Every structure is written in structure tokens, then in C-alpha cells.
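Notes follow the structure.
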Amino acid sequence: MLDELLAPKYVGWLIDGFYVTLLLSALASAAATALGLLLCLARLAPTRWIAWPALAWLSLFRNTPLLVQLFFWYFGFSALLPQEVVVWLNAPHHWHLAFFGVRWPPFEYLAGFVGLTLFTAAFIAEEFRAGVRGVPAGQTVAARALGLRPWQVWRHVVIPQALRISLPPLLGQYMNAVKNSSLTMAIGLAELSYASRQVETETFKTFQAFGIATLLYIGTVAVIELAGQWLQRRNPTVGAAAR
Amino acid sequence: MDFSVITNNLSYFLLGAWPHGPLGGAALTLVLSVCSALASGVLGLVFGVALAMTHGAAHQALVLFLGFFRAIPVLMLIFWTYFLLPIVFGFNVPGVGTVIVALSLIGGSYLAHSVYAGIRSLPPGQWQAAAALGLGRVQALRYVILPQALPIMLPSFLNQWIALIKDSSLAYVIGVGELSFVATQVSNREMVYPTEIFLFVALLYFLICSSLELGAGAIARRYGTAAKPT
Numbered sequence: 010m011l012d013e014l015l016a017p018k019y020v021g022w023l024i025d026g027f028y029v030t031l032l033l034s035a036l037a038s039a040a041a042t043a044l045g046l047l048l049c050l051a052r053l054a055p056t057r058w059i060a061w062p063a064l065a066w067l068s069l070f071r072n073t074p075l076l077v078q079l080f081f082w083y084f085g086f087s088a089l090l091p092q093e094v095v096v097w098l099n100a101p102h103h104w105h106l107a108f109f110g111v112r113w114p115p116f117e118y119l120a121g122f123v124g125l126t127l128f129t130a131a132f133i134a135e136e137f138r139a140g141v142r143g144v145p146a147g148q149t150v151a152a153r154a155l156g157l158r159p160w161q162v163w164r165h166v167v168i169p170q171a172l173r174i175s176l177p178p179l180l181g182q183y184m185n186a187v188k189n190s191s192l193t194m195a196i197g198l199a200e201l202s203y204a205s206r207q208v209e210t211e212t213f214k215t216f217q218a219f220g221i222a223t224l225l226y227i228g229t230v231a232v233i234e235l236a237g238q239w240l241q242r243r244n245p246t247v248g249a250a251a252r
Numbered sequence: 039m040d041f042s043v044i045t046n047n048l049s050y051f052l053l054g055a056w057p058h059g060p061l062g063g064a065a066l067t068l069v070l071s072v073c074s075a076l077a078s079g080v081l082g083l084v085f086g087v088a089l090a091m092t093h094g095a096a097h098q099a100l101v102l103f104l105g106f107f108r109a110i111p112v113l114m115l116i117f118w119t120y121f122l123l124p125i126v127f128g129f130n131v132p133g134v135g136t137v138i139v140a141l142s143l144i145g146g147s148y149l150a151h152s153v154y155a156g157i158r159s160l161p162p163g164q165w166q167a168a169a170a171l172g173l174g175r176v177q178a179l180r181y182v183i184l185p186q187a188l189p190i191m192l193p194s195f196l197n198q199w200i201a202l203i204k205d206s207s208l209a210y211v212i213g214v215g216e217l218s219f220v221a222t223q224v225s226n227r228e229m230v231y232p233t234e235i236f237l238f239v240a241l242l243y244f245l246i247c248s249s250l251e252l253g254a255g256a257i258a259r260r261y262g263t264a265a266k267p268t
């Protein structure tokens, strides 16, 4: 069982899957960070007309399983769209941007990206909120006393410090995004877990197929962990609450 | 939107084929969650205490062991348990058991660190005072440390259990008939109402998880510790 290696073809499948996992989780993490910051600001808005819908949105996305959310975007949401839109989304499109040819991704990639982004953003928003709470109130008061307008206080004083405080938990959410991207296999996205399952069915070399996939996941998570430690060593204020 | 698909299949969503067949749907989700919540709680306590009581190489080895379960996706661990449990035990383990084992290991390894942090958060004077009273380390843990540390840990336990309920949906991948699986079954059979079905299923999960979250918040306020989102 252990002494047989996988044929190069199957290792290739796993590498392709790993590439999709990395690409999907990187794109979703980037989009979720931007959206999470917006959601956090909305949640902290002084008017309840913005703060309460944001609270409801966050709690809805945090308290339902990612798998069900992915099913909703893949099966449920497309059923709500007009027929022409669905046809367009499913059809291949090509664009040429400067030197790159951009290919329109298949629908499961879109649904996977949207699902993973919205789910991750809800968690990132809460990490940012904890970061904002870690900025002492005196900072805001002092900035106001210096004559900064409220939005300038946010832009130049609160957000930079909150980002620094919330960097370690943010990296934790990026690790979660890598791990959670595995669920997109349920809507047929050919990422690493999907590939390992496929190799396993094809070769019956379960140990090797799952083993390589597991090592690739652990390696990715370890790289993010080391990056966080490196950032903290280089700049000790990262992750520390301001004084 | 036509929600008659929900009312027509309501008992299937909530109970699966029961009482004429195996229990499934939301009821099975609850069974999976409660079993793995209990088992992960026990594992978390055992490993957390072990983290607090070990030093040096043994401690590092334990940290690495627990780190493994925290680094791999739940889905991958379900694949592993699905494949390895029959080899280890020598007989076919039902899917429900497989999922409970996987979820308990993941939940337990996260909780171990909460338990460890809770024990470490007490001032060292507590250990010293217990030693001065003639208690051994185990007795000190049992009668002095844990009674104070457990209320501090309670919010992280509840948050972890919320995560477990959501993760139990992954039982879908090995064909265990819990709520998510039943949802896709009904969706595939009816073909025309996927939006209504997945909205309804999301609502069920939301009700279960958010009521636990409210409970966690109330407990956190009572004991004056902030619940950290997981």
C-alpha cells in the first residue's frame, strides 16, 4: 500500500488542483478583506439604519454552513436570475487586456469564489471590529482635538492602527480560507480535495492521494503561519494593542 | 417563490425517512452535533490539561500533534477517517460514526488550546497556594484550577460547538443523510425549487447556530469574559 508511488499523470492532477486551491483562496481572501473592512465600518456606523442591516448580514453569513451557502449560490441563485443572464454566465467569453487573454471562468468557479468571499468577509469584518476596539478611545479624541474631521480620524488614525492589531487573526482567517476552499469540491470545482478524491477513485492508492493533498494543505497553512511570525518579528507593533 | 416544496417535504427535512427508515435531516444534524460536541469537549479537556502539565519535548510533540488537526481541512480529515477507521478497527464503521470521530478530533484540538489558555490565565499563586495546602498537582488541578478556569473557557466551548454544527454539514461528502444531504436530495428530485430549498435549510442552520451564539453571549456577559469569534 505504501511502497507504490503515484504515476506522474496523477501527481499532475494533484498539482493542478493545488493551483486552483491557491488561486481561489488568494482571490477570495483579497476580495473578502476589502469587503470585510466595508462591513466592519457599516457595522460600526453611528446610524442604526446602516449598523443593524450590517449586523443581520454578518450574523446570517457566520451562522450558516459554507456548504449550504455554496449550494445556494450554485443551484439557488442561478435559478433566480433571468434565463439570458444564466446563458451568458455559462457561455465561454474571451477578453484581451493588454498582454493577457482573460477567460471567463466556468460557473462553479464564480459560485465558489462568491461563496467563499462572502463567508470569509463576515469573519474578517469581526476581526477588524475587534481591532478597532483595540484602538484606545483617547486616540480618536486626540485626533479630533487636532482638528481632523471624523472621516480623517478613521482614515489616518483608527484604521491604520486597527489593521496592525488585527493582522494575526486576519492571517488566521486566510488559513481558514485555504481550508474552506476544499468545500467547493461539492459544487464540482476541481481544486485539491476534488483532485485527491479523483486520483483515489482512479488508482485506489488512497494513502498517496490523500497524503499528498494533506501535505500540500499543511505546507500552505505553515507558510502563512511563518509569514505572520516573520512580520511580527520584523515589526513588533504588529498584533500589539496601541498604548 | 413557491414554498410548497418545503411544506410538502417538511418531515423529510426535519427527520429524514424516520420512523419508516433511518433518522436523517435536521434531527441527524443535531445528533451529530451533540455527540461530537460532547466528545470534542472531553478531548479538549484531556489534551488541554496535558498541554498544561507537560514541558519540553513532550509538550512540543503534543502541540505538533494538535497542530496537524488544526492545519488540515475538515473535509480532508473526514476522507482520512472514512478510509482509516475500517482499517484500524477491522470492521465497517458507519458514516455517522466516521463524521463524529473527525469532528471530535478537530473540535478537540481547537478546544485543547482554549483549555490550556484558560488554565494559564490563572495566577501562578493559585498553584502555589494549593501546593502549600498539601494538594498534589492533580488534586490542585481538580479542586482549585479547573473550577476557576472552566467558566472562563465556556464561551470558547460554545463558539467551537457552533463551528461543529456548521461543519457537520460536511457529512454530505460521505453520504450521511443529515440536513445538507437531504436538501440536495430533495433539490435533485424536485429539480425546480433550489432557491427555496437552500434558503429554508440555511434558515434552519441559522436558527440553531444563532440561538447557541446568543447563549454564548449571555454567558460571556455573566462571567465578564469576551466571547471571541471563531
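Quick note, the sequences are listed as chains A and B, same order. My numbering numbers the first residue of the first sequence as 10 and each following residue consecutively. My numbering numbers the first residue of the second sequence as 39 and each following residue consecutively. No residue lacks a Cβ here, since even glycine has one placed at the ideal position from N, Cα and C. Here the structure is a predicted model, which is why all the values come from computation and not from measurement.
Note: residue 216 (chain B) is bridge-paired with B:63 in the DSSP secondary-structure output. Relative to residue 33 (chain A), the option among A:132, A:192 and A:78 whose CA is nearest is A:192.
Within the same chain, 15, 20, 23 and 205 come within 8 Å of residue 221 (chain A) by CB-CB distance, once the 5 residues on both sides are set aside.
At a cut-off of 8 Å between C-beta atoms, residue 113 (chain B) counts as an interface residue with respect to chain A.
Where residue 106 (chain A) is concerned, the enclosing beta strand (DSSP E) starts and stops at 103-106. In this structure residue 149 (chain B) is in contact with residue 195 (chain B), their Cβ atoms being roughly 6 Å apart against a cut-off of 8 Å. Neighbourhood of residue 227 (chain A) in chain B, by CB distance below 8 Å: 106, 109 and 110, in chain order.
Of the residues A:148, A:233, A:166 and A:156, the one whose Cα lies closest to the Cα of residue 187 (chain A) is A:233. Restricting attention to B:193, B:172, B:79 and B:122, the CA atom closest to the CA of residue 259 (chain B) is found in B:193. Within a 10 Å sphere around the beta-carbon of residue 71 (chain A) sit 16 or more other beta-carbons, which makes this residue buried.
Non-local beta-carbon contacts of residue 38 (chain A) in its own chain, meaning distances under 6 Å to residues more than five positions away in sequence, involve 183 and 186 in chain order.
Annotation: residue 102 (chain B) to residue 201 (chain B) spans about 22 Å, alpha carbon to alpha carbon. Closer than 8 Å to the CB of residue 144 (chain A) there is not a single CB belonging to chain B. By the Cβ-count criterion, residue 106 (chain A) is exposed, with fewer than 16 other Cβ atoms from all chains shown falling within 10 Å of its own Cβ. The straight-line gap separating the alpha-carbon atoms of residue 66 (chain B) and residue 55 (chain B) is approximately 11 Å. For residue 127 (chain A), not one C-beta of chain B is nearer than 8 Å to its own C-beta.
In this structure, the beta-carbon distance from residue 234 (chain B) to residue 44 (chain B) falls below 8 Å. About 3 Å separates the Cβ atoms of residue 133 (chain A) and residue 45 (chain A), confirming a contact at the 8 Å cut-off. Chain B places no beta carbon closer than 8 Å to that of residue 204 (chain A), leaving this residue out of the contacts. Between residue 141 (chain B) and residue 78 (chain B), the gap from beta carbon to beta carbon is short of 8 Å. For residue 111 (chain A), the pairing in a beta bridge is given by DSSP as A:104. Ranking A:76, A:42 and A:124 by CA distance to the CA of residue 208 (chain B) puts A:76 first. Among the residues facing chain A, residue 210 (chain B) is included, as its CB has a counterpart in that chain under 8 Å away. Nearest to residue 101 (chain A) by alpha-carbon distance, out of A:93, A:90 and A:114, is A:114.
For residue 139 (chain B), there are no neighbours in chain A by C-beta distance under 9 Å, as the nearest C-beta there is about 16 Å away.
By the beta-carbon neighbour count (other beta carbons within 10 angstroms, threshold 16), residue 191 (chain B) is buried.
For residue 60 (chain B) against residue 88 (chain A), the beta-carbon gap comes to about 30 Å, at or over 8 Å, which does not count as contact.
Taking 8 Å as the upper bound for CB-CB distance, residue 118 (chain B) and residue 122 (chain A) are not in contact here, some 27 Å apart.
Counting C-beta pairs closer than 8 Å gives three or more between the stretch 124-138 of chain B and the stretch 206-222 of chain B, which meets the contact rule. Distance check between residue 135 (chain A) and each of A:50, A:26, A:227 and A:151 places A:50 closest, using alpha-carbon atoms only.
Think of a sphere of 7 Å around the beta carbon of residue 251 (chain B): the chain A residues whose beta carbon falls inside it are 72, in chain order.
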